[in-house]
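**Student:** Just so we're aligned, residue 1139 is where the sequence shown starts under this note's numbering, counting upward by one.
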Amino acid sequence: MSPLFQSLVDSSMFLLPHELSNENPLEGGEMDNYLRDDGKTEPQFKLQLDDKDINLEELEDLMGYSRLKSVAELWLDSNDFGDRGVELLSSSKDLSSLQVLSLAGNKLTDRALNSLASSKNLTHLKRLFIQNNFFGSKGVDDLAQSETMVSLEILYLKQNQLRIDGAKALANASAFQNVQELYLGRTQLGNDGLAQLCNGGTWSSLVTLSLAQNGLDDKSAQVLAET
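(1) If you run the structure through DSSP and keep just helix, strand and coil, what is E1157?
(2) Measuring only the C-alpha atoms, how far is P1141 from R1205?
(3) Quick one: measure Cβ to Cβ for S1431 and F1267, integer angstroms, because I've assumed they're closer than 8 Å.
(4) Rounded to whole angstroms, what's the CA-CA distance from S1145 to L1327? Just pull it up for me.
(5) Taking C-alpha atoms, which residue in N1271, E1225, L1233 lies nearest to Q1299?
(6) How about K1190 and A1210: do their beta carbons lie closer than 8 Å?
(7) Can you give the beta carbon distance from N1259 to S1228, rounded, assuming they're within the 8 Å contact cut?
(8) Ignore the nearest five residues each way along the sequence and tell me which others in D1248's own chain have a CB closer than 8 Å to its CB.
(9) Kindly list the residues whose CB is nearer than 8 Å to the CB of L1332, restricted to its own chain and excluding five residues on each side of it in sequence; keep chain order.
(10) Can you give me the Cβ contacts of T1346 inside the same chain, cut-off strictly under 6 Å, excluding the 5 residues immediately before and after it?
(11) Once you ignore the five residues that flank S1257 on each side, which residues in its own chain have a CB closer than 6 Å to its CB?
(12) Just list the alpha helix (DSSP H) runs in the segment 1247-1307, keeping only unbroken ones of 4 residues or longer that don't cross its boundaries, in chain order.
(13) How far does the alpha helix (DSSP H) with F1183 in it extend, from its first residue to its last?
(14) Using only the alpha-carbon positions, how far apart do Q1182 and L1212 sit?
(15) Counting only the same chain and skipping the five closest in sequence on each side, list residues whose C-beta sits under 7 Å from that of R1309.
(16) If you draw a straight line from the C-alpha of D1367 to the C-alpha of S1284, how long is it?
(17) On the criterion of 16 or more Cβ atoms from any shown chain inside 10 Å, does G1223 qualify as buried, or is it exposed?
(18) For T1325, count neighbouring Cβ atoms within 10 angstroms of its own Cβ and tell me buried if that reaches 16, exposed if not.
(19) Identify whether F1219 lies in helix, strand or coil by the three-state DSSP scheme.
(20) Output yes or no for whether 8 Å exceeds the beta carbon distance between L1214 and Q1237.
(21) Give the C-beta separation of E1196 and F1143 to the nearest angstrom, bearing in mind that I take them to be a contact with Cβ-Cβ under 8 Å.
(22) Ordered along the chain, which non-local residues of its own chain (more than five positions away) have a Cβ less than 8 Å from that of V1147?
(23) From the DSSP secondary-structure annotation, give me the bridge partner or partners of T1346.
(24) Verify whether the separation of the beta carbon atoms of A1282 and A1250 is less than 8 Å.
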């Protein structure tokens, strides 16, 4: 890892609020000592690297980062590593405690979603943000049937071309029993896609469903009312 990239990563690590005690806040030298404690392996940090033009080579370097095991949230929106980068992320044992992963706006295809779905390491993910990419129904189907994804509680799929086949994949999902929030805006569902989604028996935990800009009309409102 180059010194410049190392500096960027170090400065993008943030201690998650729930790890801080109101009575004993970490500050100044105490925080520096905490960050140098290589013995800590529990997830404690948010690593925020959105829109940093990170390429595949730099992502490979990141997978060797000494503090990666302490990252509970990894935000990598709008970078340049593509599907192959997601393959790297999915195969990293150091991310086995990761709870939040954001990959929005990375030009990802079904190949990337297949990598996430088949990962043996990302089994603790609770929130997955993959909006504004290039995948379709095949990738969604892989996720929906993945044993890796059974802990998901929040899923952002908006601004991808799911269409009616993507809705069918979601309706038949076995992995999303714990999903509480599902965001499907601008996924080209249409009335028929929403009808497919509502006919599924997957969503016993769902409390929030976002469907903006899907060409829905009164017919869809009736379907929702009857669900």
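Where is the CB? At the ideal position from N, CA and C, for every residue including glycine.
**Tutor:** In terms of the structure at hand:
(1) Below a pLDDT of 50, predicted positions are generally treated as unreliable, and E1157, at 46, falls in that range; the measurement from the model is reported next regardless. E1157 falls in the helix class under three-state DSSP.
(2) 16 Å
(3) Any answer about residue 1431 is impossible in this case: the structure gives the chain only from 1139 up to 1365.
(4) 43 Å
(5) N1271
(6) no
(7) 7 Å
(8) F1273, G1274, K1276, G1277, D1280
(9) A1305, L1349, N1352, L1354, S1358, V1361, L1362
(10) E1319
(11) S1228, T1286
(12) 1248-1256, 1275-1282
(13) Per DSSP, F1183 belongs to no alpha helix (DSSP H); it is in the beta strand (DSSP E), 1183-1186.
(14) 11 Å
(15) What sits at residue 1309 in the sequence shown is Ala, not Arg. Once the five neighbours on either side are set aside, the close Cβ partners of A1309 are Q1334, L1335, N1337, G1338, T1340.
(16) Lying outside 1139 to 1365, the shown extent of the chain, residue 1367 is not represented and no answer is given.
(17) buried
(18) buried
(19) coil
(20) no
(21) 6 Å
(22) M1139, L1185, L1187, L1200, Y1203
(23) E1319
(24) no
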